[in-house]
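Let me begin by presenting the structure, written as structure tokens, before commenting on it.
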Amino acid sequence: MPSLSQFLHRFYHQYIGGRSNQKNSNAPEKSFMGHYVEWRAKRLAAIVEHYSPRFFAGKTMVEIGCGHGDIGAFFAALGAQVTCSDARASHMRVVRRRHPLVTAQQADMDKPWPFPPSDVVIHLGVLYHLTNIWENLRAACNGCRHLILETEVSDSDDPALVLKIAETGFDQAYGGTGSRPSGTAVEAVLKECGMKFQRITDDRCNSGMHRYDWPVKNTGTWQHGLRRFWFAEKI
Ligand SMILES: C[S@@+](CC[C@H](N)C(=O)[O-])C[C@H]1O[C@@H](n2cnc3c(N)ncnc32)[C@H](O)[C@@H]1O
Numbered sequence: 021m022p023s024l025s026q027f028l029h030r031f032y033h034q035y036i037g038g039r040s041n042q043k044n045s046n047a048p049e050k051s052f053m054g055h056y057v058e059w060r061a062k063r064l065a066a067i068v069e070h071y072s073p074r075f076f077a078g079k080t081m082v083e084i085g086c087g088h089g090d091i092g093a094f095f096a097a098l099g100a101q102v103t104c105s106d107a108r109a110s111h112m113r114v115v116r117r118r119h120p121l122v123t124a125q126q127a128d129m130d131k132p133w134p135f136p137p138s139d140v141v142i143h144l145g146v147l148y149h150l151t152n153i154w155e156n157l158r159a160a161c162n163g164c165r166h167l168i169l170e171t172e173v174s175d176s177d178d179p180a181l182v183l184k185i186a187e188t189g190f191d192q193a194y195g196g197t198g199s200r201p202s203g204t205a206v207e208a209v210l211k212e213c214g215m216k217f218q219r220i221t222d223d224r225c226n227s228g229m230h231r232y233d234w235p236v237k238n239t240g241t242w243q244h245g246l247r248r249f250w251f252a253e254k255i
């Protein structure tokens, strides 16, 4: 049985990070490479450290805003039944081609939740690209027992603050407008939905510009990379 670090190393270097089947480095296939590789590996290591690798075997999991599905595929490799979803048809085509172990389902998270209940929802890097963030977050909480939630937030502890931001790009808001709530606002909705949660407060997932161990200074602004990460469970 390989150790967790050996498993992660093998998975990334044989299966995702080390892929070199693209002749053109600007091809869409490369889009979730670059800074994503280390950032994804650190977040996956934190998730597996929190739950243990065995936790995922046999679990039903839904991943939203999956990009090319590399996160969901990791849990499928640990034995979970994973549905990977993203609003962008082009991303879903890559998921279908690259990850036969997962079920691919195109879904816009600014629309009603389309999935049956699952054991786990993987909600990484997508809440802040939505307009209807609270509808989506409530639906995600209602649709699972365990919610793994990670998002960019604003620098504020105002539970009412949500900054609206125009966005463009292959990994940005599908609807063109993103939202940066305060972390306090996110936690208020988790509590309202009957979730208990733990937040990552240290630097284990810090990667490039992405930071999780910053103190709120209440500037009421947002910057790329100011992020929060919670492990939530229905009480
Ligand atoms: C920053 S990337 C995060 C990718 C991956 N989840 C991760 O954390 O590494 C955001 C992803 O959310 C997707 N996305 C943006 N708006 C969406 C929406 N309304 N519904 C579903 N997915 C959306 C994008 O297409 C992109 O794949």
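Read left to right, the sequence shown gives residues 21 to 255 (this note's numbering).
Cβ atoms here follow ideal geometry from the backbone N, Cα and C, with glycine treated the same way.
Exclusion of leucine 167 from the 6 Å shell around ligand 1 follows from its C-beta lying no nearer than that to any non-hydrogen atom of the ligand.
Burial of phenylalanine 52 is indicated by the presence of at least 16 other C-beta atoms within 10 angstroms of its C-beta.
Pairing valine 173 with valine 140, the inter-Cα distance amounts to about 22 Å.
In its chain, beyond the 5 residues on either side, Cys104, Met112, Val115, Arg116 have a beta carbon closer than 6 Å to the beta carbon of alanine 124.
In this structure the stretch 154-165 does not lie against the stretch 85-101, because fewer than three pairs of beta carbons, one per stretch, are closer than 8 Å. Non-local C-beta neighbours of aspartate 233 in its own chain, meaning closer than 7 Å and more than five positions away in sequence, comprise Thr221, Asp222, Asp223, Asn226, ordered along the chain. Of all alpha-carbon atoms in Gly245, Asp106, Cys86, the one lying nearest the alpha-carbon of methionine 229 is that of Gly245. Residues of the same chain with a CB within less than 7 Å of the CB of proline 134, apart from the 5 flanking positions on each side, are Ala127 in chain order. As a beta-bridge residue in DSSP terms, glutamine 218 pairs with Phe251. Taking non-hydrogen atoms of ligand 1 into account, the C-beta of histidine 149 is found less than 6 Å away from one of them. In this structure, lysine 184 sits near threonine 197, with a CB-CB distance shorter than 7 Å. At the C-beta level, valine 102 and valine 122 come within 7 Å of one another.
Between alanine 208 and proline 179 a beta carbon distance of about 5 Å is seen, short of the 8 Å cut, so the two are scored as contacting. Shown here, leucine 98 sits in coil according to DSSP, grouped into three states, outside any helix or strand. In terms of Cα proximity to arginine 158, the closest of His149, Arg219, Gly214 is Gly214. Going by DSSP, histidine 143 is part of no alpha helix (DSSP H) but of the beta strand (DSSP E) stretching over 138-144.
In this structure glutamate 253 is not in contact with histidine 143, their Cβ atoms being roughly 13 Å apart against a cut-off of 8 Å.
Fully enclosed beta strand (DSSP E) runs of no fewer than 3 residues occupy 182-186, 197-201, 215-219 of the stretch 174-226, in order along the chain. Membership of leucine 157 in the alpha helix (DSSP H) is indicated by the continuous run 153-162.
Judged by beta-carbon spacing, aspartate 191 lies beyond the 7 Å limit of valine 236, meaning their Cβ atoms are not closer than that value. Look at alanine 193: its beta carbon is less than 6 Å from one of the heavy atoms in ligand 1. With a cutoff of 6 Å, aspartate 106 counts as near ligand 1, since its C-beta is closer than that to a heavy atom of the ligand.
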